[in-house]
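Protein chains in written order, with this note's numbering: chain A, 1 to 316; chain B, 1001 to 1614.
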Amino acid sequence: MMSQPTNPHHVPHAGTELYDVRRDEVVVEPAPVEAQALKHGVLKRLVHRFSILGLIGLLMVAFWLLVAFIGPLVAPYKGGALTSTEIFGRYSAAYPLGTDYLGRDMLSRILYGARYTVGLALAAAVLASVIGTFFGLLAAVSGRWVDEILSRLFDALISIPSKVFALVVIAAFGSSIPMLMTVAAVAYIPGAFRISRSLAVNVMGLEYVQVARARGEGIFYIARVEVLPNMIHPMLADFGLRFVFIVLLLSGLSFLGLGVQPPNADWGSLVRENIGGLSEGAPAVLMPAVAIATLTIGMNLLIDNLRRRSRSHGGA
Amino acid sequence: MADRDMIEVKGLRVVAGAAPGPVTEIVKGVDFSVKKGEVLALIGESGSGKTTIALSLLGYARAGCAISGGSVRIGELEVLSLDAKGRRALRARTVAYVAQSASAGFNPARTIMDQVTEPALLHHLMTKEAARAKAIGLFRSLALPAPETIGERYPHQVSGGQLQRLMAAMALITDPAVVVFDEPTTALDVTTQIEVLAAFKKVIRELGTTAVYVSHDLAVVAQMADRIVVLNGGAVKENGAVAQVLDAPVDAYTRQLLAATRRPEAVLTLPPNLGKHVPPLLEIRGLSAGYGRIDRHGAPAVRVLDDVSLSIPRGSTLGVIGESGSGKTTLARVVAGLVDRARGEVLFNGEPLPAQISRRTPEQYRQIQIVFQNADTALNPSHSIADILGRPLAFYHHLRGSAAKKRMLELLDLVKLPAGIATRTPAGLSGGQKQRVNLARALAADPALILCDEVTSALDTVVGAAILDLLAELRRELGVSYMFISHDISTVRAICDEVIVLYAGHRVEAGQREVLAAPPYHPYTGLLVDSVPALKPGWLDARRDIVATALPAMGESADVAELCSFRARCPVRIDGKCNMTPPSLKKLPSGAEILCHHPVAELNRLQTVEATPA
């Protein structure tokens, strides 16, 4: 994995703006103890169900999800706090991931940024996949006209490049968290629709769906019970890809300065802010990029494993 | 050395799975030998290891399998001790393989000639010109039409039977010492199968090739082979000359296989006639249906069924026979409401049945159930068997909880499946078991009519026979009616009371089951009946003389839509009549109705003469 500090509590931070360690311990500590006991049984099952790569992916994604939730609680410094006089500092005991262009602790910046990157992308990806799948299914199971109208509508949407679309919308309405989420979701709904529709159309042609139709089942039963379970795995794989694309889109937007606005920052903004340190090989520009990479790679490993497992399961 | 066997297989063992995981032996020490110029048949049901053994002759084991022991000698070569390069050379010159699905074996983007000559050119055995000349010679030997030019076409431009023969040409182009045929005719219609078999037999005889013929069909094997090896569960059950295996089988399994092939005809149990007032369960009058856009006259762009009429009395079984493309599956789909009809009426229980499925009543849904051919795609892979059977119970009978469970167990018992199967998903069942679940789902509705679309076609002979027995038993016990769709005359004969014969969407013949037993019948029915291989050696050779005679000449067709659809292939067509005027409906002495120009006496004469040499 990556070089993450093992335990921020042991870091002797000198002085300024120290996060309340005690409260942190009270809140967080009991949970891992319980989880550990629980995890032992779960872990064994997981190891059985996933391949090594899938397990690594799962760990990476779970790690970042956890960070998105408790990141600010365990961060050694407050997110926007200026803590050091050294800019583009190297790895040190006080600043495990160095400092950024203003001398802020990079580790804390990344821990705070995870909430934006993971949370926003997750919400947008869930929205895009759920809405896309819903309309795709609807188009496949209902008659020709509904299908035609929906398909042409989404084709029109798909013809607008997602980055340009995002740029225009954000330039027009300004950047806010709900706006970013909506833009990312809308940009990726047509793709999800296309894929779910073609999967559903394939399944609709199969004989068990014909049997259900001949039985007199309604279209919603057919969509929900007969079709959806048989396209859920490819859709999950697609969700993973879409999540990754959205992370990249949001990071790209932030890199252009249209994403999450300072002083808050997602990982894309962190890369942009610290781009000046690139020539020095500063950790400030490397580490957020590593964070983006581990999240996307981890997600892909996990999804790939899900897909493979479902296939071998189907073949058994 | 001269009398040494061409192929010698000793103690061959093949395992599936790798060493740390579970290993299953799928071929358990098989021995056999084939003399030069001999044709050996490997016969058995799916899972018997016949294809695995055939592939080991090429020194090949499928992914996940490994040859674990024994020896395979072809000529002077020890196949299993060869390295990768040696095996490649072996496959280039010595052993060739003809696969079951020719359409999957050809690249659709290249011409046939390119692909047929490819093995010779790839291994630098001939110049391009020599290979072409040789291919054309092979096309001629395989009785392909237009041998000079067929090579210029692309695979989609020839029929399935022709493609299968072209695949044989591809295998034979390098003059291999041994050819392995792996179920080459299984996917073909009976009428096509016989042409392909005749072509294979001719070319094998002409070239003196040693061949291994893999099949599950004893009757086909009886025509092709000199010796038969019967396999079951990866072991040799019987090994002997064709006549001995067919007439005096030693092994119990061989006898079982023979019994399943030679099905005794079921005793006809006509339901008691309840007087004239009871309308037939299903009556179809003048039905036309098809796919594509509907034109101004209400006819679809592609017409699949044309003016089809039939009736199924309560409790009886109607067989629908025809080759692929004859519209038999569309017929079932129209009755089930899955395909719209263009014209005609469908009466169910004397009441009109709405064409659109959405306009039918729940009672009509319940009474008509459809069972598809392919149980793999007819059962939802993500549902358990309990879910699959539970849904119709809840949907039609509002059964839930323990009542539904009880009924489900009854249904499983009815189709002779163990109760433990309920928690499994379809992936965990065998083909025969899946087909039983498929049937049980239809029975869960308590239907009056079950539309069986080729329900046994995808199954092995023995398993298929068991399903047919089950159908007959269910009919006796529950009084359901079937519309039994099949391309296989012998299964239709085994289960049906009445039969209709479809050709290109037209009902060319309809009558009692006996119409299939003896002439006179419609020329197409005649062709179908005569194309079913008989379970005796030499049948094909006798048949071939009949097939070889050219069709009578016929001029241009008049522009009349209702002309006999079979005229293009009819061996007894009449110029000036068949291509000019539509045939009229005639009644045969047996009570059957046919669409043909020939008078009954004439048909009888023609068909009895034809049948004598066979």
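All residues carry an ideal CB built from backbone N, CA and C; glycine is no exception.
Buried or exposed: residue i, going by 16 or more other Cβ atoms within 10 Å of its Cβ?
i, result
"residue 145 (chain A)", "exposed"
"residue 1294 (chain B)", "exposed"
"residue 1206 (chain B)", "exposed"
"residue 1434 (chain B)", "buried"
"residue 1252 (chain B)", "exposed"
"residue 188 (chain A)", "buried"
"residue 1428 (chain B)", "exposed"
"residue 1194 (chain B)", "buried"
"residue 67 (chain A)", "buried"
Output yes if chain A places a C-beta closer than 8 Å to the C-beta of residue i; else output no.
i, result
"residue 1300 (chain B)", "no"
"residue 1017 (chain B)", "no"
"residue 1292 (chain B)", "no"
"residue 1378 (chain B)", "yes"
"residue 1097 (chain B)", "no"
"residue 1365 (chain B)", "yes"
"residue 1032 (chain B)", "no"
"residue 1336 (chain B)", "yes"
"residue 1324 (chain B)", "no"
"residue 1372 (chain B)", "yes"
So, at 7 Å on beta carbons, what are the nonlocal neighbours of residue i in its own chain, with the 5 sequence-adjacent residues on each side left out?
i, result
"residue 287 (chain A)", "97, 106, 110"
"residue 1400 (chain B)", "1394"
"residue 1228 (chain B)", "1041, 1043, 1221, 1240, 1242, 1245"
"residue 1591 (chain B)", "1511, 1512"
"residue 278 (chain A)", "285"
"residue 1415 (chain B)", "1436, 1439, 1440, 1470"
"residue 1448 (chain B)", "1281, 1367, 1480, 1481"
Taking Cβ positions only, does residue i come closer than 8 Å to chain B?
i, result
"residue 224 (chain A)", "no"
"residue 202 (chain A)", "no"
"residue 234 (chain A)", "no"
"residue 208 (chain A)", "yes"
"residue 262 (chain A)", "no"
"residue 214 (chain A)", "yes"
"residue 146 (chain A)", "no"
"residue 305 (chain A)", "no"
"residue 169 (chain A)", "no"
"residue 211 (chain A)", "yes"
Between residue i and the rest of its own chain, which residues show a CB-CB distance below 6 Å, the 5 nearest in sequence each way excluded?
i, result
"residue 169 (chain A)", "183"
"residue 191 (chain A)", "none"
"residue 1219 (chain B)", "1533, 1535"
"residue 1366 (chain B)", "1396, 1445"
In the DSSP assignment, find the unbroken beta strand (DSSP E) run with residue i in it and report its ends.
i, result
"residue 1108 (chain B)", "Residue 1108 (chain B) -> no beta strand (DSSP E), and no H or E assigned at all."
"residue 1484 (chain B)", "1481–1486"
"residue 1287 (chain B)", "1282–1294"
"residue 1073 (chain B)", "1065–1074"
"residue 1016 (chain B)", "1007–1016"
Please return the same chain residues whose Cβ sits closer than 8 Å to the Cβ of residue i, not counting the five positions on each side in sequence.
i, result
"residue 23 (chain A)", "The predicted position of residue 23 (chain A) is uncertain, since its pLDDT is 37 and thus under 50; a value taken from the coordinates is nonetheless stated next. Nothing meets the Cβ criterion."
"residue 1389 (chain B)", "1408, 1411, 1412, 1422, 1437, 1440, 1441, 1444"
"residue 1360 (chain B)", "1337, 1353, 1354"
"residue 1176 (chain B)", "1093, 1094, 1095, 1096, 1209"
"residue 1101 (chain B)", "1187"
What are the start and end residues of the alpha helix (DSSP H) that includes residue i?
i, result
"residue 181 (chain A)", "177–204"
"residue 1568 (chain B)", "No alpha helix (DSSP H) contains residue 1568 (chain B), which DSSP labels as neither H nor E."
"residue 207 (chain A)", "207–215"
"residue 1512 (chain B)", "Residue 1512 (chain B) -> not in any alpha helix (DSSP H); beta strand (DSSP E) instead, spanning 1506–1512."
"residue 109 (chain A)", "106–114"
"residue 155 (chain A)", "144–158"
Any 3 or more C-beta pairs closer than 8 Å across the segment 1098–1114 of chain B and the segment 1158–1174 of chain B: Yes, the segment 1098–1114 of chain B touches the segment 1158–1174 of chain B.
Segment contact flag, the segment 207–219 of chain A with the segment 267–277 of chain A, C-beta cutoff 8 Å, min 3 pairs: No, the segment 207–219 of chain A is not in contact with the segment 267–277 of chain A.
The segment 279–298 of chain A in contact with the segment 1024–1036 of chain B per 3-pair CB rule at 8 Å: Too few Cβ pairs lie closer than 8 Å, so no.
At least three beta-carbon pairs within less than 8 Å, the segment 1485–1502 of chain B to the segment 1075–1083 of chain B: no
Three-pair Cβ contact test at 8 Å for the segment 1136–1147 of chain B versus the segment 1196–1214 of chain B: yes
Three-pair Cβ contact test at 8 Å for the segment 1452–1459 of chain B versus the segment 225–244 of chain A: no
Sufficient close CB pairs (3 or more, under 8 Å) joining the segment 219–229 of chain A to the segment 120–138 of chain A: yes
Stretch pair the segment 112–123 of chain A + the segment 239–251 of chain A: three plus CB contacts closer than 8 Å: yes
Segment contact, 8 Å Cβ cut-off, at least three pairs: the segment 1044–1054 of chain B with the segment 1022–1032 of chain B: The segment 1044–1054 of chain B, when compared against the segment 1022–1032 of chain B, does touch it at the 8 Å Cβ threshold.
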